[in-house]
Structures are given as C-alpha cells and as structure tokens.
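The opening residue of the sequence shown carries number 9 in my numbering; numbering runs sequentially from there.
No residue lacks a Cβ here, since even glycine has one placed at the ideal position from N, Cα and C.
Just so it is clear, the structure is predicted and the values come from calculations on it, not from any experiment.
What follows is a short report on a single structure.
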Amino acid sequence: MEDTGAEGSPPGTDESGFPAYHAGRCGSLAELDTELVRCRACPRLVAWREETAAQPRAAFRGQEYWARPVPGFGPADAALAIVGLAPAAHGGNRTGRMFTGDASGDFLFAALHAVGLASRPTATDRDDGLELYGVRVTAPVHCAPPENRPTPAERRTCRPWLSAELQLLGPSLRAVVALGAVGWQALLPVLGETGWPLPRPRPAFGHGVRLTLPATGQRRELQVLGSYHPSQRNTFTGRLTSDMLIELLAEAAEAAGLTPSAD
Ligand code: SF4
9 MEDTGAEGSP PGTDESGFPA YHAGRCGSLA ELDTELVRCR ACPRLVAWRE ETAAQPRAAF
69 RGQEYWARPV PGFGPADAAL AIVGLAPAAH GGNRTGRMFT GDASGDFLFA ALHAVGLASR
129 PTATDRDDGL ELYGVRVTAP VHCAPPENRP TPAERRTCRP WLSAELQLLG PSLRAVVALG
189 AVGWQALLPV LGETGWPLPR PRPAFGHGVR LTLPATGQRR ELQVLGSYHP SQRNTFTGRL
249 TSDMLIELLA EAAEAAGLTP SAD
C-alpha cells in the first residue's frame, strides 16, 4: 500500500510517499514549490528528466537543463488555473518553467497575451520577464515523462502536489481550464479531493465543455472548462487554432472574473 506519510518519519525525496507527506503540510505556494523541486518519487521519470538533460537537442547544446520537477507558474492568488499534462523533456524540463521553451507553450502564451492575461506573447526562459495576470499554469505530473506519457502510478504519486496547489489557490480560484482529455481526466478527481462536489457521471471531455461545481464550505463556485491541448499534433492539423484557444481563454477569464490587462 502506498505510504501516505501520515505517520512516522518523513519519507525521503525518492520515496513514493514524499509528495503525499509534504504537499499537504505546505502553508504557501512558495513553500510547495520549494518542496516539489526536491521530489524524486518516480524513479522512471527521475531517470528520464536527467537522461534528456545529459543528451540535449543540438539547438540547446551548452544550456544547463533544469532536470527537476517543474513548479506551477503564475501568481499565488490566481483566479484562473490552467492544467496541462506534464512538462516537455526539452521544454519545461530544460527551462524550469511550465510550458516555457517549446511549441505548445509558444501557442499557449501567445493566446494568453492576446486575451490580456500575459505580459508578452513569448516564453523562452525563466528570466525572460514574462508575467501572468491572475493565471497560474500547472500540471498533474511535474516531471517530463518518456513520450509524454506518465503511467497511472506516476500520475497517482504526483497527484498530491496538484491537489495541494489547488487547495492553496482555493480562496481566489474561480475557474480552471483543463488542456486535453488526459488533463481533464487528471483534474476532475483532484478537484473532488480538494472539496468540490463532482457530478455523476463525470462529464466527458470536449473542447468548450463547461462544468459548474457548486460552492461548498469555504470553496467558491468553480467553473471548469475543457480545451484541446495546444500540442503540435493539434495545432499543426488545425484541430486547435489560435482563434479557438483565444476564444476559450477569454471565456475562462470572464468566468474567473479577470479583467484583462491593457498591456
Ligand atoms: S512526477 Fe511528481 S511525484 Fe514523480 S518525481 Fe516528479 S514531482 Fe515527484
């Protein structure tokens, strides 16, 4: 049985109970991010994130890869969260920031900028000056997986980080966008664990699907929207166009009560 870390001595960073033990004890997103980057709970993903760093693509040769778990990016009082799947081996795993340094991120941040939720349309590295306004971009799996496919066990092991992140965002959070069917399937159980009641049966994923989770206890009502993932497979084929993503993000911003910046 998985060690939840509820009792006994704290698990080591390379034990599967590390996320469950530490994530729920963090009192702020800054603390959560600090603990997260120490995590080595998934041996296959630890090996992969380090292996890709040791074999950089030609275009990135000479760069020092992050090669650690990639924290969420955006303010701690975000009203809107965007949940992808996992960092890319030569994107987030290289730059250390979600969706930064790969084609999916280029597409996403250009759309966020078009809606007024990002200070600039491009994201190249952690020091590029990009700011997000009221939005936090994160993922249910924080280390790059081979072929972008984490196993169910890896998703389960990593889940406490997202659960705690949403918990800490809870007071300000009003809307979440799930990117792709896998992001949708990963997100809904986490929202359930975090305290929002989920409808049964759970609604199927689709681009533009919108779900309202009622307020409960200290939780506000939450709007959950589905969007096709800005993967190259979707953007190159036209399944997801810039206009489609911009329209969806504008709807999400409105649902979150965000007033886009004039930048
Ligand atoms: S995927 Fe998540 S749980 Fe696994 S090593 Fe990375 S941060 Fe830790």
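Closest residue to residue i among the options (Cα-Cα distance)
| i | options | result |
| --- | --- | --- |
| residue 80 | 72, 121, 20 and 94 | 94 |
| residue 163 | 173, 194, 146 and 207 | 194 |
| residue 62 | 41, 92, 224 and 102 | 102 |
| residue 209 | 219, 126, 109 and 253 | 219 |
| residue 224 | 182, 36 and 27 | 182 |
| residue 214 | 198, 130, 148 and 256 | 256 |
| residue 146 | 173, 99, 64 and 157 | 173 |
| residue 189 | 169, 149, 197 and 212 | 212 |
| residue 114 | 245, 238 and 261 | 238 |
| residue 144 | 69, 123, 185 and 160 | 185 |
| residue 200 | 227, 97, 152 and 180 | 227 |
| residue 202 | 222, 157 and 216 | 222 |
| residue 109 | 91, 90 and 130 | 130 |
| residue 160 | 149, 170 and 104 | 149 |
| residue 39 | 60, 156 and 84 | 84 |
| residue 52 | 155, 196 and 249 | 155 |
| residue 177 | 245, 106 and 89 | 89 |
| residue 137 | 105, 165 and 158 | 105 |
Nonlocal neighbours in the same chain, by C-beta distance under 7 Å from residue i, ignoring five residues either side
| i | result |
| --- | --- |
| residue 251 | none |
| residue 58 | 75 |
| residue 10 | Model confidence at residue 10 stands at a pLDDT of 42, short of 50, so the residue's coordinates are unreliable; what they give is reported in the following sentence. Counting only Cβ-Cβ distances below 7 Å, and skipping sequence neighbours, we find 24 and 25. |
| residue 231 | 182, 183, 218, 220 and 263 |
| residue 243 | 115 |
| residue 245 | none |
Where the alpha helix (DSSP H) containing residue i begins and where it ends
| i | result |
| --- | --- |
| residue 181 | Segment: none, residue 181 is in no alpha helix (DSSP H) and carries neither H nor E. |
| residue 42 | 37-44 |
| residue 143 | Where residue 143 is concerned, there is no enclosing alpha helix (DSSP H), although the beta strand (DSSP E) it sits in stretches over 143-146. |
| residue 123 | 111-123 |
| residue 101 | 100-103 |
| residue 242 | 240-244 |
| residue 27 | 26-31 |
| residue 55 | 51-62 |
| residue 252 | 250-263 |
Sheet register partners of residue i (DSSP bridge)
| i | result |
| --- | --- |
| residue 90 | 145 and 185 |
| residue 126 | 140 |
| residue 227 | 224 |
| residue 219 | 232 |
| residue 81 | 145 |
Beta-carbon contacts of residue i that lie in its chain and below 6 Å, excluding the five residues immediately before and after
| i | result |
| --- | --- |
| residue 18 | 29 |
| residue 267 | none |
| residue 48 | 21, 22 and 54 |
| residue 126 | 117, 120 and 140 |
| residue 233 | 185, 218 and 260 |
| residue 135 | none |
| residue 64 | none |
| residue 3 | Nothing about residue 3 can be reported from this structure: the residues present for the chain run from 9 to 271 only. |
| residue 112 | 238 and 239 |
| residue 192 | 186, 213 and 234 |
| residue 253 | 119 |
| residue 70 | none |
| residue 73 | 61 and 102 |
| residue 216 | none |
Where the beta strand (DSSP E) containing residue i begins and where it ends
| i | result |
| --- | --- |
| residue 232 | 230-235 |
Cβ neighbours of residue i in the same chain (closer than 8 Å, five flanking residues each side left out)
| i | result |
| --- | --- |
| residue 43 | 30, 31 and 34 |
| residue 13 | For residue 13, the predicted structure reports a pLDDT of 43, less than 50, and the residue's modelled location is therefore unreliable. A value from the coordinates is still provided. So the list reads 19, 25, 26, 28, 29 and 30, once near-sequence residues are dropped. |
| residue 265 | 87 and 182 |
| residue 198 | 148, 167, 170, 171 and 174 |
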